[in-house]
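Under UniProt numbering, the residue at position 89 of the sequence shown is numbered 89, and the numbers go up by one with no gaps. A virtual CB, placed ideally from N, CA and C, is assigned to each residue, including glycine.
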Amino acid sequence: MTGPSLQTEGGLTLVELLVALAVSSLLLGLGAPPWIDHLERRRLEGGLQRLRSELQLLRQDALARQQTLRMGFADSPGLGSCTISHTGAAGACICNPATGGVSCGSGAQALRSQHWPAADRVRLGSNVTSLAVSPLLGTVSPTATLKLSDSRGRELRAVLNVMGRVRSCTAGHPSLPGQPAC
1 MTGPSLQTEG
11 GLTLVELLVA
21 LAVSSLLLGL
31 GAPPWIDHLE
41 RRRLEGGLQR
51 LRSELQLLRQ
61 DALARQQTLR
71 MGFADSPGLG
81 SCTISHTGAA
91 GACICNPATG
101 GVSCGSGAQA
111 LRSQHWPAAD
121 RVRLGSNVTS
131 LAVSPLLGTV
141 SPTATLKLSD
151 SRGRELRAVL
161 NVMGRVRSCT
171 AGHPSLPGQP
181 AC
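Here it is as structure tokens:
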């Protein structure tokens, strides 16, 4: 005859569970900062592509409509930034940086708008409040420098020349890899 057999219970002990939780938290903590940095860099690069596309589309629309079209810029620290493409005079349409809402007056018509909410941590700045695209040759006046910056101090600039071409460069510290310095 044999003695009573010992039965082992299946499952995890509290100590094993806490060790697994500590190890997974450590691994997640090590991976989070590079991932957040990557996301912010992609937001900047995506914002630059949005601006390039919008400027190219505005130029094409001006030539197709045979009408002067404008792009306006608005920025409010802590609230957000926005752009608006429209017909009419400079300032005839405005966008609200906090909400992205658009309002037009004096016979102007909004064509498109883009909004960068403050929660995205990407801010759009410009050295001009509005620019116009000529319907004759697609030229842009005045020339402009648009600045996209993030919370880490990195900055991408879109430099718009009179022919409507956009050149991009990085000016912040730290700089962005893959982008030429300004």
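Going by CA-CA distance only, name the one from A90, R165 and G153 that's closest to L131.
A90
Would R123 be called buried (16 or more neighbouring beta carbons within 10 Å of its own) or exposed?
Taking a 10 Å sphere around the C-beta of R123, we find 16 or more other C-beta atoms and assign the residue as buried.
Note down the Cα distance separating S53 from L28, rounded to an integer number of angstroms.
36 angstroms
Do V159 and T145 count as a contact pair if the criterion is CB distance below 7 angstroms?
yes
Taking DSSP as the reference, what is the three-state secondary structure of G125?
Here G125 sits in strand by DSSP.
Let me know the secondary structure DSSP gives R152 once reduced to three states.
coil
Taking the straight line between their C-alpha atoms, what separation do you get for A119 and G11?
43 angstroms
Identify whether S76 lies in helix, strand or coil by the three-state DSSP scheme.
If DSSP states are grouped into helix, strand and coil, S76 belongs with the strands.
Candidates T99, T143 and R65: which alpha carbon is nearest residue 229's?
Outside the shown range of the chain, which is 1 to 182, sits residue 229, and nothing can be said about it.
Give the C-beta separation of R154 and P180 to the nearest angstrom, bearing in mind that I take them to be a contact with Cβ-Cβ under 8 angstroms.
Rounded, the Cβ-Cβ distance is 14 angstroms, inconsistent with contact.
Separation of P34 from C82, as counted between CA atoms
28 angstroms
Under the three-state DSSP convention, the category H38 falls into
helix
Closest Cα partner of R165 within the set G46, L58 and E40:
Closest option to R165, judged by alpha-carbon separation, among G46, L58 and E40: L58.
Identify every residue that forms a DSSP beta bridge with M71.
S85 and L131
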